[in-house]
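Engineer: Residue numbers (our numbering), protein chains in the order written: chain A, -11 to 96; chain B, 77 to 964. We treat Cβ as the ideally placed atom computed from N, Cα and C, and that holds for glycine. Before anything else, here's the structure in question.
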């Protein structure tokens, strides 16, 4: 059975998918903030990423250093098939439970 | 494509935030996290303001410091390293300590910050104090360079006249060389406008005496130290860079100084500091001879500096100087009132003004460091309690107690070393802030830097503190570990030793904080008292602009003419109520002392007559400064060069010199004794001229047109606050004559504030230290009370179950804290009474043992203590008896 996902885990996984090959800490934070106006702290992003990696939902590799990072390297994350499955399950659950609730939730 | 940019094109985020993140982030993630912070910071710098970028960075850094990283992924952990085998090496202990610090980020951050505040404050104060207290003058054999004074009856030192200098230079064989120094205000032409430059006229041997050689050109020759040949100039490195663009061909050329042609002889090295004349930018030979009226024995406006021979002692030099002076006194009995000579080391002379303030601050920084030691100790003890089970397991598994002690020691040392790093960063800011806060120019300010020595001091303090703060907690936790070996996971009972130790630490903290608060309180009272002192003039809405006239085209007629036109120009500026001139401004630090001789009571030695501050003022001066007239009349425009010679004296002179006789109408002579009598026409109130806290000085005013100086301070009163004179006034005066150097406009209130600057400086710092001390006490008290509550949770629950009221429980819990605070306050009062006596010379209008201050300080501490203890006490009272009993 696929792992269940916390809300922040879902958000981070979705952000990673949007970012494609270029998902790393501050970029994930920027993507979430840019799309949803929701403020997430870097600390929360990192710990979520680390937890997702422990669960085997994402994999990381070390990227190249860039000058705007003070010559430091990035840790790039990519969503694994297992992660995608977990996300799909979790979204389907949400979808199934939302059905018919649109009027009372005043969804657009 | 945009051109590639190097890493240093991108600003680095604040170092303290980076340090906090680096310390609290696991090593395997550190690079990536720091990189992300860097990138996010720079992105915000470019898209929004630096302020927002910093806000973002700090909120992320603090969030990261408190976030809990998951343990390493199981896959990584698989390979078991044979750890125990290497554990004995120090390196492994360091790594282990780092890991354990990181595992408790809240504890580590708190402990490191507390320690860093102590180290940072002491290091910053040390850097400021170093050139003032700990370093000798920057000259070869600095202990041999002395200032030579005439010693007065009351023990004070004063300047000397030219022929006294000549006789001392000749008569004291212990002096290898010596020189006389006179103030010199010169004017340099720069960009078509005259600029006033502070300089000194010096004997040819001045630079040899100090032991400095020009980097460019040559020193003055003895032949140039003569009236007709003295148009030679030496530049300091600073003015050579600024005014002459570091042009080395300037040496040997002629330049215009005060309207005369001067030959540039040389340039002094950049490292040269003139401790006798810190403001001097140019030098020229003195060139006095017997022809000059101001070269005499009673014309005491010279400072004498001498270098004592390597083979001679200071005592021998002083004995010779005393002998010379006594010969002079018997040869010229009517020209001396002094009783001997005194020698003063040049470095002591340069720093004496702020020495006491800096010593007081060093003391306060020491107290703060002790407090932070106590606080870290207490934190370590608290942490020791949390780790008891861990330690107990390790002892049970065979770890030896000595190893555990060593482990604790390494952890303490590491903590303090990291704190030293953070503290040094704080100190770098601190030194800059201190220099800004000082309000008045500190002596030797360019030597106040963080360098290798400072870093050494910070590390030394850190290690000392580690020993001080770390030993006991280490021993106690190790002992606890042994005792608990067989009771792993036993009830959470804290050893009595630990509790008692934390209690003593708290007592010490409270005592130290009280001493600090009392010091702060005494200075608050001093500054308030100073603000209440009647100055004798009204500084509000008055600004000052200094003018200096020099060059061959100015004689008495043209100077008087210029002053009249300058005053008219100032009065024409919109919003000006009145304008006047004075030779010396109150609280500006300069004064002119002249002997006052009475016609009706001549004395055998006129040098024994009282000396008064003499001011040359224009007719509107008293009105502009609002100095009250007590008797007679003020000056009017008809008191000029051709009218009868008149003077106005102050209240102190009327009381002390004329002793209640009618003063108006008396005839006096100011300075010489050549029959130049003046009639006293009025008496005005005393003006605080040298300092706000001193006793009233004797003062006498003469109309400026009857005694013209080549420079003056113009005081201008604005009709209201809204009038901003600082822009229009100087340009209006400059427009009168481009060849006259005009300074910027300074509000008179700046001079008043300047007179209190040193005390305000100490006050501001003590206030900051006091707040930090309160924070430390709060944290300490909170910790101790909370620990007490945790320990007695069961007992409290039981009491509650048996019907004790909330009130009763709170008071039971508080009783221990109250007792500790009480003991601390008692010790603190004794300490404050002892230590604050060292502040005595800085205080004014309040005694060092002022009861009101002590009571107020105790009050503040009690309020803070009550708040810190009440929170955990109330939480204790809220314990649900059922839950506590059920866990049994």
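1) When the Cα atoms are used, what is the spatial distance from residue 183/B to residue 177/B?
2) Rounded to a whole number of angstroms, what is the C-alpha to C-alpha distance between residue 544/B and residue 444/B?
3) Which same chain residues end up closer than 6 Å to residue -7/A when comparing Cβ atoms and leaving out the 5 residues on each side of it in sequence?
4) Three or more beta-carbon pairs under 8 Å between the region 529 to 546 of chain B and the region 857 to 864 of chain B, yes or no?
5) Of the residues that make up the region 31 to 46 of chain A, which ones have a beta carbon closer than 8 Å to any beta carbon in chain B?
6) Quick one: what's got a C-beta closer than 7 Å to residue 5/A's C-beta in the same chain, skipping five residues either side?
7) What separation, rounded to the nearest whole angstrom, lies between the Cα atoms of residue 50/A and residue 116/B?
8) 8 Å is my cut-off, CB to CB: does residue 107/B come that close to chain A?
9) Using a Cβ-Cβ cut-off of 6 Å (strictly less than) and excluding sequence neighbours within five positions of residue 596/B, which residues of its own chain qualify?
10) Nearest CA to the CA of residue 488/B: which residue from 174/B, 442/B, 391/B and 393/B?
11) Mind checking residue 210/B: buried by the 16 CB within 10 Å criterion, or exposed?
12) Could you list the residues in the region 51 to 71 of chain A with a C-beta less than 7 Å from some C-beta on chain B, going in chain order?
13) Compute the Euclidean distance between the alpha carbons of residue 380/B and residue 225/B, then round it to the nearest angstrom.
14) Measure from the alpha carbon of residue 422/B to the alpha carbon of each residue in 388/B, 904/B and 254/B, then state which is nearest.
15) Can you list the residues of chain B that residue -6/A reaches, using a CB-CB cut of under 9 Å?
16) Measuring CA to CA, which of 498/B, 928/B, 813/B and 577/B is closest to residue 450/B?
17) Which chain B residues sit within Cβ distance under 7 Å of residue 14/A?
18) Would you mind stating whether residue 659/B and residue 785/B have Cβ atoms separated by less than 8 Å?
19) When you compare only the Cα positions, how much space is there between residue 164/B and residue 486/B?
20) With a threshold of 16 other CB atoms inside 10 Å of the CB of residue 637/B, please say whether the residue is buried or exposed.
21) With a threshold of 8 Å between beta carbons, is residue -3/A in contact with chain B?
22) Give a yes or no on whether the C-beta atoms belonging to residue 248/B and residue 282/B are separated by under 8 Å.
23) Could you tell me whether the Cβ atoms of residue 763/B and residue 730/B are closer together than 8 Å?
24) Taking buried to mean at least 16 other C-beta atoms within 10 Å of its own C-beta, is residue 33/B buried or exposed?
25) Is there at least one Cβ from chain A nearer than 8 Å to residue 175/B's Cβ?
26) In this structure, how does DSSP classify residue 248/B when only helix, strand and coil are distinguished?
27) Quick check: is the beta carbon of residue 78/A nearer than 8 Å to any beta carbon in chain B?
28) Note the first and the last residue of the continuous alpha helix (DSSP H) segment covering residue 1050/B.
29) Which class does residue 823/B belong to by DSSP, given the choice of helix, strand or coil?
30) Would you mind working out which of 669/B, 376/B and 350/B sits nearest residue 212/B, comparing C-alpha positions?
31) For chain A, find out if any of its Cβ atoms is closer than 8 Å to the Cβ of residue 562/B; answer yes or no.
32) Look up residue 65/A in the DSSP assignment and give the residues it is bridged to.
33) Helix, strand or coil for residue 568/B per DSSP?
34) In whole angstroms, what separates the C-alpha of residue 155/B from that of residue 195/B?
35) DSSP puts residue 259/B in a beta bridge; with which residues?
36) Within 7 Å: the Cβ of residue 924/B and any heavy atom of the ligand SAH?
Structural biologist: According to the structure data:
1) Computed Cα separation, rounded: 8 Å.
2) Going by C-alpha positions, residue 544/B is about 14 Å away from residue 444/B.
3) Leaving aside the five residues that flank residue -7/A on each side, the residues in its chain whose CB is nearer than 6 Å to its CB run, in chain order, 74 and 78.
4) No, the region 529 to 546 of chain B does not touch the region 857 to 864 of chain B.
5) Close to chain B, meaning a Cβ-Cβ distance shorter than 8 Å, are the following residues of the region 31 to 46 of chain A: 31, 32, 34, 35, 38, 39, 41 and 42.
6) So the list reads 67, once near-sequence residues are dropped.
7) Taking the straight line joining both Cα atoms gives about 18 Å.
8) At a cut-off of 8 Å between beta carbons, residue 107/B contacts chain A.
9) The residues are 842, 843 and 846.
10) The residue with the shortest Cα to Cα distance from residue 488/B is 174/B.
11) By the C-beta density criterion, residue 210/B is exposed, having fewer than 16 other C-beta atoms within 10 angstroms.
12) Under the 7 Å Cβ criterion, the region 51 to 71 of chain A contributes 55, 56, 57, 58, 59, 60, 61, 62 and 63.
13) The straight-line gap from Cα to Cα measures roughly 7 Å.
14) Per the Cα distances, 254/B.
15) Within chain B, no residue comes near residue -6/A; the closest Cβ sits about 13 Å away, beyond 9 Å.
16) Just measuring C-alpha positions, the residue of 498/B, 928/B, 813/B and 577/B sitting nearest residue 450/B is 577/B.
17) The answer, in chain order, is 112, 115 and 116.
18) Yes; because the gap between Cβ atoms is below 8 Å, this pair is in contact.
19) Since pLDDT at residue 164/B reaches only 48, below the 50 mark, its modelled position is unreliable, and the value read off the structure follows with that caveat. The straight-line gap from Cα to Cα measures roughly 12 Å.
20) Its Cβ having fewer than 16 others within 10 Å, residue 637/B is exposed.
21) Contact with chain B is absent for residue -3/A, since none of that chain's Cβ atoms lies less than 8 Å from the residue's Cβ.
22) Contact flag unset, no.
23) No, these two residues do not count as a Cβ contact at 8 Å.
24) Shown here, chain B extends from 77 to 964; a query on residue 33/B therefore has no answer.
25) Output row for residue 175/B: interface = no.
26) Looking at residue 248/B - three-state DSSP - the assignment turns out to be coil, as it is neither helix nor strand.
27) So, not an interface residue.
28) Past the boundaries of the shown model lies residue 1050/B; chain B is included only from 77 to 964, so the question cannot be answered.
29) Residue 823/B falls in the strand class under three-state DSSP.
30) Out of 669/B, 376/B and 350/B, 350/B has the C-alpha closest to the C-alpha of residue 212/B.
31) Caution applies to residue 562/B, whose pLDDT of 45 falls short of 50 and renders its modelled position unreliable; the value that the coordinates give is listed next. Closer than 8 Å: no.
32) BP columns for residue 65/A point to 11/A and 48/A.
33) Its pLDDT being 46, under 50, residue 568/B is placed unreliably in this model, and the coordinates cannot settle the point.
34) In this prediction, residue 155/B has a pLDDT of 42, which is less than 50 and means its spatial position is unreliable; what the coordinates show is noted afterwards. C-alpha of residue 155/B to C-alpha of residue 195/B: approximately 41 Å in a straight line.
35) Bridge pairing for residue 259/B: 276/B [DSSP].
36) Absent from the structure shown: the ligand SAH. Ligands present: none.
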